[in-house]
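Q: The following block contains the structure, expressed as structure tokens.
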Amino acid sequence: MKLSQLKSILENAADLAFYLEDGTAVPQHFHVTEVGAVNKHFIDCGGTVRTEYAVNFQLWSANDTDHRLAPAKLLHIIALSEDKLGLTDGEIEVEYQAGTIGKYGLEYNGTHLVLTSKKTACLAEDQCGIPAAKPKRKLSELQAQQSCAPGSGCC
Numbered sequence: 316m317k318l319s320q321l322k323s324i325l326e327n328a329a330d331l332a333f334y335l336e337d338g339t340a341v342p343q344h345f346h347v348t349e350v351g352a353v354n355k356h357f358i359d360c361g362g363t364v365r366t367e368y369a370v371n372f373q374l375w376s377a378n379d380t381d382h383r384l385a386p387a388k389l390l391h392i393i394a395l396s397e398d399k400l401g402l403t404d405g406e407i408e409v410e411y412q413a414g415t416i417g418k419y420g421l422e423y424n425g426t427h428l429v430l431t432s433k434k435t436a437c438l439a440e441d442q443c444g445i446p447a448a449k450p451k452r453k454l455s456e457l458q459a460q461q462s463c464a465p466g467s468g469c470c
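What follows is the structure, encoded as structure tokens:
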């Protein structure tokens, strides 16, 4: 989700709730302790220099269980961050501690904001020896073959 999408959701939201993909709710008394612009400049395993930009939110829960962050207040925090940090409309990543600190993507399911799993990936598979994916075959095709001779593709 991009920052502009989050702002649009917040403009029409009555309340603010975050959930993990497994349905676990982020405690309602969470704080947004940081909003930042993250610029990553790196080299991948194939030698290509790359850059990435993300808008980062850090969620934190304390023991002040009466705290509630309203959508309008988060919009105010975002506007202040755009002004002071020069935030642009980048993809959002959320830092949240569920056991250990994790980085999540952000989606909206029509009711709540959902912290989504992020995955690592090789950005230069063609240059670092990652084998091509093996073709998937249907078991019924293999069973239909008369024999399992070398080179027949059955094993």
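Going by my numbering, the residue at position 3 of the sequence shown is 318; the numbering climbs one at a time, nothing skipped.
We put the beta carbon where it would ideally sit given N, CA and C, even for glycine.
The structure presented is a predicted model; accordingly, all values stated were derived computationally and were not measured.
1. Can you check whether the CB of Asn371 is closer than 8 Å to the CB of Glu397?
2. Look at the alpha carbon of Leu318 and the alpha carbon of Asn327, and state the distance between them as a whole number of angstroms.
3. Is the CB-CB distance between Val347 and Leu321 below 8 Å?
4. Throw me the rounded Cβ distance for the Glu408 and Lys399 pair, which I believe falls under 8 Å.
5. Check the C-beta distance from Leu335 over to Leu428 and give it rounded, since I have them as a contact under 8 Å.
6. First and last residue of the alpha helix (DSSP H) that includes Ala320?
7. State the Cα-Cα distance for the pair His391 and Leu402, rounded to the nearest angstrom.
8. Note down, in chain order, each residue of its chain lying with its Cβ closer than 6 Å to the Cβ of Gln373, except the 5 sequence neighbours on either side.
A: Answer, in terms of the structure:
1. Counting from one through the sequence shown, the residue named residue 397 turns up at place 82. Counting from one through the sequence shown, the residue named residue 371 turns up at place 56. It is not a contact, given that the beta carbons lie outside the stated cut-off.
2. Here residue 318 is taken as the residue at index 3 of the sequence shown, counted from 1. Here residue 327 is taken as the residue at index 12 of the sequence shown, counted from 1. One C-alpha to the other measures close to 15 Å.
3. For the purposes of this step, residue 347 is identified with residue 32 of the sequence shown, where counting begins at 1. For the purposes of this step, residue 321 is identified with residue 6 of the sequence shown, where counting begins at 1. Cβ atoms of Val347 and Leu321: not closer than 8 Å.
4. Here residue 408 refers to the residue found at position 93 when the sequence shown is read from its first residue. Here residue 399 refers to the residue found at position 84 when the sequence shown is read from its first residue. Between Lys399 and Glu408 the Cβ distance is about 19 Å, and since that is not below 8 Å, they are no contact.
5. Working through the sequence shown from its first residue, we reach residue 335 at position 20. Working through the sequence shown from its first residue, we reach residue 428 at position 113. That pair is no contact at about 11 Å.
6. For the purposes of this step, residue 320 is identified with residue 5 of the sequence shown, where counting begins at 1. Inspection of the sequence shows that residue 320 is occupied by Gln rather than by Ala. Gln320: member of the alpha helix (DSSP H) spanning 318 to 327, first to last residue.
7. Within the sequence shown, the letter at position 76 stands for residue 391. Within the sequence shown, the letter at position 87 stands for residue 402. Each residue's alpha carbon lies about 13 Å from the other.
8. Reading the sequence shown from its first residue, position 58 is the one you call residue 373. Excluding sequence neighbours, Gln373 sits near Thr348, Glu349, Glu410.
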